[in-house]
Each structure stands twice: as C-alpha cells, then as structure tokens.
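Chains as they are written, first to last, in the working numbering: chain A, 6 to 92; chain B, 943 to 1327; chain C, 12 to 306.
Even for Gly, the Cβ is constructed at its ideal location relative to N, Cα and C.
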C-alpha cells in the first residue's frame, strides 16, 4: 500500500512537470518567453527523420485506434478520424 | 533517366555538415508534396492476455486476438498536390466481458460473452493534400464497414507557417456518422439499429525553439451524440451526448553528438462524464547507419466516469461496469526498428501494455476486466519516382 | 580552382516574360561574380585569399576568424577525413613540393620525410576563435571542395533568378538546373580518359549534379609506370587508385566529394565506398574497364 502511495506521488510529480511544460509552451507561443531565431537555412537537424512528430503516420493512426478501444480517452492528435465499433 | 535514391547514411552525414548554408537548404522545411511515390504494407497482431481465474465467474478466460493489415499508396500529383489511398483490414476473434457479477463472498467477477466472436472490419480512406509555399491543406474521406457497424467520416485540416516559418498553426475539423446494427447471435442484444454522430475540432501551434528543438501545444474538442453505450454489454446505459476536451503538448529535441532525438509528449483529457486522464510518452530515436531504433515508454492514468461502478447499479439513469470507464493506470513499453536498403524500408515493432487499478493517479474503484496485451508489427515500404 | 567554367541558360524555358534574355544575362553575370569571389576567397595561389592568410600564419599562435560558409566547408572536410580514415586530407598539398608532376621528377626521400611532418588534418586547430595551423610550413587547401561548392552556388543564383533550365560546368563538375526543355533532360557525356574528346557513356540529368574526379588530366611516368598525382597523406606516395570516378548526386558538393574520396582508395575500397554512398556511379579502372551503376 505504502509503495502504491509512493508511486502515485511520483506519477503526480511527473504530471506537474509536464503541466509546467505545457504552460511553458503556451508562454512561448504568446510571446512571453523569447526563443532563439533559427534561420530557414539552419534547420537541418529539425528536418531529421527522428525529429518529426510522428515517425510513422500509419503507426500513429493504428496506435490511436488501439488505445481508443482500451481506454476512455481519445483525441489530442489532430483530427478524430473515422469511427469503428471497437469502442 | 538517372534518378536519385533516398539519401544514404553516408550522404546524410556529409550533407549535414553543410546544411547550414542557404544554397543547401532548398525546400527541406518548406511545404512541398513528397517527391516520390510510396507503397506500404504493414501487418499487426495484438493479443490480449487471458484473464486470471479469480477475475472470471463464468465463460472463457481468453480475450481478443486482432490481426490488422494496412496497405497504402501515396503519390505526388503535379507540382503541388498529393493523393493517398489507405486500406485497412481488421480481423478479430475472441471473447469480451458481458457483465460483472459478484461471487458468494461479494467480490466482483466477469461473466464473459461466451462463444467466440468473429468480426472483420474493412476501412478505405482517400486523402488529398494541397501544398503552397507557407502551408498545406488536406481533405480526407473514410468508409469503415463491419458486420455490425458502419461509419462514414470526413476530415479537413490546414497548416500555416508564420514568423519566418518558425511557427506553424494547425487547425482541423472532422465528422463521423456511424450506424450500429448489433448481430443477434451469441448474446442477447436489446437494440436493432442505432445512430451515432461525432464532430471534432482541433487547434494547435508548433514553435521552433532552437536549431535542435521544437515544441507544440494543441487543444481539441469532440462532441458525440447518439448511441454511446456498448450493445454487447448487459448492463451498459450511457448518456446520449458526450463532450470531450484535450490539451496536448510535445517536445522534440535533437542531440547532435549522439545523432539521436528525444520525444516527450503529454496529454490531459477531460470529459463531461466525469472522467479525466493524463498521458505521458517518452521516446528516443537513434540513427545508426541505415538503422533507426526507437524505444519508447508511455504512462496513462485515468479517473472513472461518474456512472461507473464495478458491479453496475442498473437502478440509476446511467450505469456501466465497463472496465474502460474505471480508474486505472497503464504502462506501455515498446521498441521500433527500421532499416533502409535502397528504395526499401523495413520495420518491426513490439510493445507490451499492462494496466493496473493501483497505477492510477485518480481515486476510484477497481474493475475486474482490465486488459493487458502484446502488440507486434512488421512492415515494408517501397519508395520510387 | 582553375579549369574552364561555362554557364548555359535556356531562356526560352523560363516564363512567358518578354525580358527572358535580360534576366538570364543578369543572372549569369551575378553567378560569374560569385565564382570570382569564391576564387578570391579560397584560392591558395592568390596571396590575398583567406586560405593564403591562414597558411601564412601557420606556426604562429594566431587563429584566423572564419565565417559560416568556410566553417561548413571545413566541417565537411573534417567529416570526409573521418569517413575515409584520413585519406582525404586538406593538408596533403604540401607534399606536391617533392613530386613535380609536370616535370615527372621523382621524390627525394629526406625532403619527403620532413614534409610528411607537416601533413595531418588532426593537427589543425579549429574552434570558435577560428582556425590555426600549428606548424610552420603546413598548408590548407580546400580546392577539393570549393570547385563543387562554387558550381552549386552558381546554379543556386540562376535558380533564385527564376531560371528553370541551365547547365553549370566547372572543369568536370556539372550541375543541371531543370531539364534542357520542359520535357527533356540534359544529356551529359562522361569523357573517356584515354581519349578525352570522346564520351563513353551519356547520362540524362534533371535537377542533379554529376562530378568526375580522377587522374587522367594529370598523370606522369615514374619508374616506367603511370602514377597518380593524388598522394597518400601518411606515406607521401602516389595512390594506386582508379583512373576516374563519376558520381551523380543532388548537389555537386556531395557528388564531387564522394567521387574525390573514391579516387583516394584502391579499386576495391573505392567500390565499397561508392556502394555505401548509394549514389549512381561510374568507375574507370587502370585497365580502362568501366564499372558501376550508371549505364
């Protein structure tokens, strides 16, 4: 029981951290946090295959499908896509 | 005519050294349709673990086995369009929880759906995308058909680049029109034909932070109206409307000395059924010669819906004993590997999903039907001019 | 750099604009000016070039500041040095003092030993202050990269001017911008090393570069056999490599450096290297046989 409580505490902390990240990104976008200006010709690393939001769009779609059929949550990745009876 | 193959790792390493020079930037990040045609085939199998003896009161302990085949072709059309055709076939067999009862000691236990269910789903989707200098827009139509369920869905999305292309705004809208016609064979079902409509909006923005880092944040809202209950569950009566909200954020950071990239994503979800969730994903993408290795971890924690109880209280207006509406946490660990050989890319992926009531960060009661599964995928992609 | 340069523009294939000819002429003169500027910056024969300044400061404590362009080219040279395990070395030029290729003189062993001490890319210091050659007499030569880079620069200027069809040729390095017409590629012949006026093979290029590297332009007899003018940075001896290598790539810089590095290896090594690049290639070996993936 104690272990579970501890685990829950750690998970809560991780979530707080990520909430901070969400706030940070909102700050950046609203212009409250300054970012380095990266010239168009200086984006070689950002164009790397490993830097894309989804490494495989087909896998992202399938993964979304699998999780939607196992968990109550869905969405957050863009469009909702087609329905299926798996839910 | 001589056509150039995809960049080999050697050419990639050499090109990277001069990538900062304007003349070698070309259209690396400008919006442009793919320059090649891609044909891909993936096969995925996922197998749910059997339930343990103490969780099942009656019926088979084995759950679903699902085989998914994905086939697609994506090609540029003219200078500023691309078209993709996706076909997916899902074949599933097995049993699922019918309802939750109680043992003589008062512990909840699952009554399974009895005989093995077989279902085949075929989904066909067409996507067209238009590219211009500062953005792109896509339109997608999907038709999905299975024995007892049919869906027609469309979506539109657009992305604009602003602030000297360091910021990208994304918006999308989608809509799905579903018809449920449960098969009346294995277990008693109390409906003939029902409708479900779902509409969704997404708005997001990504920002380049440095030459090696990019973040994004996005909000989504989804509204469903119609038959939202599970027709194959005995004690399942859900509201006829469902409002869902998400806040999602992500970070990609490239580490030059390691030639690898860190992926970190977080999503918060909340709905008007009283459920909430946190999803955290972390991944690493390592380039190594022509191989790419991508180990990843995902932690998910959800809180139960207001009308959930381990044993459904069917005297209330809404009730459900569906484990998917309970409080639980889940961990996924996976590894994805791809290798490029000339025009071909092969991929293999294996992941393990385990869930436990105790891993949730939310309070709530535990459900006996929680699922664990293995998923394996193999695929091959061919790119040509 | 040296060697002949030529820029061909097909103005009819530009737009419906009446001033096509004028636009093409203006773009060509901008490109020619850029080529001259690169020559002034990187030539080791021009005493006022940046390279000459770096070489003149060899052995001193002074770091010569370098700009983004040169830093990138140096970082490419460094990557090539690593990839070829030291065979590609921008400091090898100093050894030419022992081998006078035009006169066909052989080496003086003592002089060679002294000069070998002044060769070694790993000795070059490069940091945020700039670049420094630590030993007096060391020489930096980016000639192996700059000619290809210049061809890419000229093509980029034409492209930015709106020209859709052009051919840039800088002594063996060719960049094709678009096709020769809207539906025909540029036809490029690969020269026969034994009879440079003839071509062995003809390739079709659209938005791509072909670069040739080899020994046929400058070979001499030593102890009764042909030897290459390319020298091994560790031994100082001529490299017994292929006669000529041509590579097709998306840029002259990448195609050219792949071809150059192939010529620094023996035939088998060159073949492995070229296959590793996965770019289309053609090699002519010492027996004058052609092999490779370009047909």
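*Classify residue 955 of chain B as helix, strand or coil using the three-state DSSP reduction.*
If DSSP states are grouped into helix, strand and coil, residue 955 of chain B belongs with the helices.
*Out of curiosity, what's the CA-to-CA distance linking residue 1078 of chain B and residue 1325 of chain B?*
So the two alpha carbons sit approximately 22 Å from each other.
_Buried versus exposed, by CB contacts within 10 Å (16 or more), residue 1236 of chain B_ = A residue is called buried when at least 16 other Cβ atoms come within 10 angstroms of its Cβ; residue 1236 of chain B meets this threshold and is buried.
*Sub-9 Å separation of residue 97 of chain C and residue 207 of chain C beta-carbons*: The beta carbons of residue 97 of chain C and residue 207 of chain C sit no closer together than 9 Å.
*Return the bridge partner residues of residue 1204 of chain B from the DSSP annotation.*
For residue 1204 of chain B, the pairing in a beta bridge is given by DSSP as B:1195 and B:1226.
*asked:* Can you tell me which residues form a DSSP beta bridge with residue 1145 of chain B?
replied: According to DSSP, residue 1145 of chain B bridges with B:1113 and B:1161.
_Which runs of the alpha helix (DSSP H) at least 4 residues long sit entirely within the stretch 51-116 of chain C? Give them in chain order._
Listed in chain order, the complete alpha helix (DSSP H) runs (minimum 4 residues) inside the stretch 51-116 of chain C are 61-67 and 79-94.
*Hey, is residue 260 of chain C's beta-carbon within less than 9 Å of any beta-carbon in chain B?*
For residue 260 of chain C, the nearest beta carbon of chain B is closer than 9 Å to its own beta carbon.
_Proximal residues to residue 1089 of chain B (C-beta, below 6 Å), its chain only, five neighbours per side dropped_ = 1061 and 1125.
*Output, in chain order, the set of chain B residues within a Cβ distance shorter than 7 Å of residue 164 of chain C.*
Going along chain B in sequence order, the residues near residue 164 of chain C (Cβ under 7 Å) are 965.
_Cβ pair count under 8 Å reaching 3, the stretch 976-992 of chain B against the stretch 1300-1318 of chain B_ = With a cut-off of 8 Å, the stretch 1300-1318 of chain B and the stretch 976-992 of chain B count as touching, because enough Cβ pairs lie within range.
*Taking DSSP as the reference, what is the three-state secondary structure of residue 58 of chain A?*
Residue 58 of chain A: coil per DSSP, three-state reduction.
*asked:* Bridge partners for residue 180 of chain C per DSSP, in chain order?
replied: In DSSP, residue 180 of chain C forms a bridge with C:17 and C:185.
*Own chain residues within Cβ distance below 7 Å of residue 1136 of chain B, not counting five before or after*: Cβ contact annotation for residue 1136 of chain B (same chain, cutoff 7 Å, sequence separation greater than five): 1122, 1168 and 1169, in chain order.
*residue 292 of chain C beta carbon less than 9 Å from that of residue 304 of chain C*: A contact, by the Cβ cut-off of 9 Å.
*So what does residue 1286 of chain B bridge to, in DSSP terms?*
Answer is B:1283 and B:1324.
*Could you check what DSSP says for residue 1249 of chain B in three-state terms: helix, strand or coil?*
Note: residue 1249 of chain B maps to coil in three-state DSSP.
*asked:* Quick check on residue 1220 of chain B: does DSSP put it in helix, strand or coil?
replied: It is a strand residue.
_Give me, in chain order, the residues of the same chain whose beta-carbon lies closer than 6 Å to that of residue 1006 of chain B; leave out the 5 immediate sequence neighbours on both sides._
Answer for residue 1006 of chain B: 990, 1034 and 1036, listed in chain order.
*asked:* Using the Cβ count rule (16 or more neighbours within 10 Å means buried), how would you classify residue 79 of chain A?
replied: Buried, since its Cβ has 16 or more Cβ neighbours within 10 Å.
*Let me know the secondary structure DSSP gives residue 1170 of chain B once reduced to three states.*
Assigned with DSSP and collapsed to three states, residue 1170 of chain B falls in coil, not helix or strand.
*Over the uninterrupted alpha helix (DSSP H) stretch that includes residue 962 of chain B, give me the two end residues.*
Premise fails: residue 962 of chain B is in no alpha helix (DSSP H) and is neither H nor E.
*Among C:92, C:65 and C:267, which has the Cα closest to the Cα of residue 149 of chain C?*
Selected option, being the one with the closest Cα: C:65.
*Does residue 1292 of chain B come within less than 9 Å of chain C when only Cβ atoms are used?*
For residue 1292 of chain B, the answer is no, since every Cβ of chain C falls outside 9 Å of its Cβ.
*Kindly say whether residue 42 of chain C, judged by its beta-carbon, lies nearer than 9 Å to any beta-carbon of chain B.*
Any Cβ of chain B closer than 9 Å to the Cβ of residue 42 of chain C would place that residue at the interface, and such an atom is absent.
*Output the distance between the C-alpha atoms of residue 1309 of chain B and residue 1292 of chain B, rounded to the nearest integer angstrom.*
Distance from the CA atom of residue 1309 of chain B to the CA atom of residue 1292 of chain B, rounded to whole angstroms, is 27 Å.
_Sufficient close CB pairs (3 or more, under 8 Å) joining the stretch 1134-1151 of chain B to the stretch 1219-1238 of chain B_ = The way I'd put it, the stretch 1134-1151 of chain B doesn't touch the stretch 1219-1238 of chain B; fewer than three beta-carbon pairs between them come closer than 8 Å.
_residue 277 of chain C - containing alpha helix (DSSP H), residue span_ = Note, residue 277 of chain C: premise wrong, no alpha helix (DSSP H); not H, not E.
*asked:* Considering only DSSP beta bridges, list what residue 1050 of chain B is partnered with.
replied: Residue 1050 of chain B is bridged to B:1044.
*Do you know offhand how far residue 273 of chain C's Cα is from residue 54 of chain C's?*
Whole-angstrom Cα-Cα distance: 24 Å.
*Report the partner residues of residue 1071 of chain B according to the DSSP bridge assignment.*
Beta bridge pairing from DSSP links residue 1071 of chain B with B:1024 and B:1080.
*Going straight from the alpha carbon of residue 106 of chain C to that of residue 123 of chain C, what length do you get?*
Residue 106 of chain C and residue 123 of chain C have their C-alpha atoms spaced approximately 7 Å apart.
*By DSSP, does residue 271 of chain C sit in helix, in strand, or in coil?*
If DSSP states are grouped into helix, strand and coil, residue 271 of chain C belongs with the helices.
_Cutting at 6 Å between CB atoms, please list the residues of its own chain near residue 76 of chain C, excluding the five before and the five after it._
Excluding positions up to five away in sequence, the list reads 141.
*Indicate whether residue 1069 of chain B and residue 999 of chain B have their beta-carbon atoms separated by less than 9 Å.*
Contact: no.
*asked:* Quick check: the Cα distance between residue 56 of chain A and residue 1202 of chain B, rounded to an integer number of angstroms?
replied: Rounded to whole angstroms, residue 56 of chain A and residue 1202 of chain B show a C-alpha spacing of 9 Å.
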